[in-house]
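Start counting the sequence shown at 1; every next residue gets the next number (UniProt numbering).
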Amino acid sequence: MTGQQSIFELFSDETTSGVAYKNKSLKRTIINHLDAIGNTTITDLAQALNISVPKITSLINELITDGLVKDYGKVDSKGGRRASMYGLVAESGFFIGVDVKHYCVNLGLLDFKKNLVTSEMHVPYVLANTRESFDQLIKIIQHFISTLPVQSRNILAMCVNLSGRINSESGYSYSFFHFHEEPLSATIEQAIGIRTFLENDSRAMAYGEFHNGIVKEEKNVLFVNLDYGIGLGIMIDGKIYRGKSGFGGEFGHIPLFANEIICHCGKKGCLETEASGQALIRQFKEKIEQGSSSSLLQHNKLPEDIRLADIIQATKNEDVLSIELIAGIGEKIGRGISVIINIFNPELVILGGTLAETGDYIRLPIRSALNKYSLSLVNNDTQLHMSKLHELAGVIGGCLIARDKLLAIGN
1 MTGQQSIFEL
11 FSDETTSGVA
21 YKNKSLKRTI
31 INHLDAIGNT
41 TITDLAQALN
51 ISVPKITSLI
61 NELITDGLVK
71 DYGKVDSKGG
81 RRASMYGLVA
91 ESGFFIGVDV
101 KHYCVNLGLL
111 DFKKNLVTSE
121 MHVPYVLANT
131 RESFDQLIKI
141 IQHFISTLPV
151 QSRNILAMCV
161 NLSGRINSES
171 GYSYSFFHFH
181 EEPLSATIEQ
191 AIGIRTFLEN
201 DSRAMAYGEF
211 HNGIVKEEKN
221 VLFVNLDYGI
231 GLGIMIDGKI
241 YRGKSGFGGE
251 FGHIPLFANE
261 IICHCGKKGC
271 LETEASGQAL
281 IRQFKEKIEQ
291 GSSSSLLQHN
301 KLPEDIRLAD
311 IIQATKNEDV
321 LSIELIAGIG
331 EKIGRGISVI
341 INIFNPELVI
351 LGGTLAETGD
361 YIRLPIRSAL
371 NKYSLSLVNN
381 DTQLHMSKLH
391 ELAGVIGGCL
401 IARDKLLAIG
411 N
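Structure representation (structure tokens):
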């Protein structure tokens, strides 16, 4: 039996009974324990799980035969025989994360021990709620799989991150590609041939940053995704908070402004209408029409062709107009974040996404607004940091969500 077959059987929700069920359950417990603490000895494993040494030894040997666990050699001992260290096999299974942006797709492959094997970033793509856009996404994923250094049959699961309203439990997307009767996750799974899960992009980024990024001991963390829109990933007590139907975290649609600008959600006055990548592009064009100048126009680039990435790069190149607009956007985002830290009282707020690539140009206005608008005691409780993983946050988060969801099946 291959490692892939063993994992699928081990973590399937198919019913078994008697001794077979008990052994299957114990093996899942061992796998999850090794996943949590890393390599360990038979004795320590037996003590931690309150299982006899002979029984643990028998189960470990079966897991070794299945290719899921490996003997990593002897560990130094103060007395007696040196004990062997056992741990998971990195090559026993792999997971794919697909992070879908407005104008590109980022993809990555994670092994069973959570190491990022390879990634492909900034694959050109235009996200739209059309069948053509969906078909193009499928082709991008298929091409990525064809270039991987592992066989597709060893890829155990995949998670696709999309912006908007996602019910990750049912696999439905209500913002993009909702023209199938079946769940979008099932449609993608049928096209690709790999177990597929769906997640909101901001939540996936929060998950990646929480487990592999800037987070240390903090358990209550907010990840603010500053992109064309504004998303929020909420981690409470170390777990993703999704809300009743998976729609929690619609931070960009807080009705913060008394304006007549219609948001893409159909409402007026949303935070996104004045403090997002889309708002930044609109404001840039308005300023140019009013007579402002920018280095972006020195290369025969027309205002209507300006994209968010252009303004971000111009900000890094110290373009005065771009810097001023980013500062204004940051102040408004800070007002919005003040609302949510007054509600959640988090230990840490992480700024990620495309706008966060401007660094202090946006962080400092946000920090200033937090000092101005949030309650002092709450503000003093909350750290503000930039994303450590940057664009890899969603890729790694997607891989980890696919992995965790697969391992949770049957538990």
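Beta carbons are placed, not taken as given, at the ideal position from N, Cα and C, and that holds for glycine.
| Item | Value |
| --- | --- |
| Count the other CB atoms, across all protein chains shown, that sit within 10 Å of the CB of THR40; report buried if there are 16 or more and exposed otherwise. | buried |
| Ordered along the chain, which non-local residues of its own chain (more than five positions away) have a Cβ less than 7 Å from that of SER52? | ALA46 |
| Across the region 268 to 282 and the region 325 to 343, are there enough close Cβ pairs to call them in contact, namely three or more that are closer than 8 Å? | yes |
| What did DSSP end up calling TYR172 once you bin it into helix, strand or coil? | strand |
| Rounding to the nearest angstrom, what Cα-Cα distance links MET235 and TYR241 in this structure? | 6 Å |
| Is the beta carbon of ILE141 within less than 7 Å of some heavy atom of the ligand ATP? | Annotation note on the ligand ATP: not contained in the displayed structure, which lists no ligands. |
| What did DSSP end up calling THR187 once you bin it into helix, strand or coil? | helix |
| Between LEU348 and ILE230, what straight-line distance do the alpha-carbon atoms span, to the nearest angstrom? | 18 Å |
| Are the CB atoms of VAL117 and LEU109 nearer to each other than 8 Å? | yes |
| Locate the beta strand (DSSP E) running through ASP99, then write down its first and last residues. | 94 to 100 |
| Helix, strand or coil for THR196? Go by DSSP, reduced to three states. | strand |
| Assess contact between the region 301 to 311 and the region 283 to 291, defined as three or more Cβ pairs (one per stretch) separated by less than 8 Å. Is contact present? | yes |
| Please state if the CB of LEU280 and the CB of ILE261 are separated by a distance shorter than 8 Å. | no |
| Counting beta carbon pairs with one atom in the region 52 to 72 and one in the region 82 to 96, are three or more of them shorter than 8 Å? | yes |
| Taking only three categories from DSSP, how would you classify ASP111? | strand |
| Considering just the uninterrupted stretch of the beta strand (DSSP E) at ILE236, what are its terminal residues? | 230 to 236 |
| Using DSSP's beta-bridge definition, name the partner residues of SER223. | Note on residue identity: the sequence assigns Phe, not Ser, to residue 223. Looking at the DSSP assignment, PHE223 forms a beta bridge with GLY233 and ILE350. |
| By alpha-carbon positions, which one of PRO54, VAL75 and VAL320 ends up nearest to SER295? | VAL320 |
| Alpha carbon to alpha carbon, how far is SER276 from ILE56? | 54 Å |
| Can you give me the start and stop residues for the beta strand (DSSP E) that LYS285 sits inside? | LYS285 -> not in any beta strand (DSSP E); alpha helix (DSSP H) instead, spanning 277 to 289. |
| If distances are taken between C-alpha atoms only, which option among ILE401, LEU351 and ASP404 comes closest to LEU389? | LEU351 |
| Counting only runs of 3+ residues fully inside the region 40 to 91, write out the beta strand (DSSP E) ranges in chain order. | 69 to 75 and 83 to 88 |
| Taking the alpha carbon of THR43 as the point to measure from, which residue in HIS180, ALA20 and VAL75 has its own alpha carbon closest? | VAL75 |
| Just to confirm before moving on: does the CB-CB distance between PHE177 and SER202 stay below 8 Å? | no |
| Cβ of LEU364 less than 8 Å from any chain D Cβ? | In summary, chain D is missing from the structure at hand, where a single protein chain is found. |
| What residue does the beta strand (DSSP E) around LEU162 start on, and which one ends it? | 155 to 162 |
| State yes or no: is the C-beta of ILE155 within less than 8 Å of the C-beta of ILE96? | yes |
| Inspect the beta-carbon positions of LEU406 and ARG195 and report whether they are closer than 8 Å. | yes |
| Inspect the CB distances between the region 198 to 218 and the region 393 to 407 and report whether three or more fall short of 8 Å. | yes |
| Which full runs of the alpha helix (DSSP H) of 4+ residues lie inside the region 361 to 399, going along the chain? | 376 to 381 |
| Let me make sure I understand the geometry here. Which of ILE138, LYS372, GLN151 and LEU226 has the alpha-carbon closest to that of ASP111? | GLN151 |
| Sort GLN383, GLU357, LEU137 and SER119 by Cα distance to ILE192 and report the nearest one. | LEU137 |
| Quick one: is PHE94 buried, meaning 16 or more other Cβ sit within 10 Å of its Cβ, or exposed? | buried |
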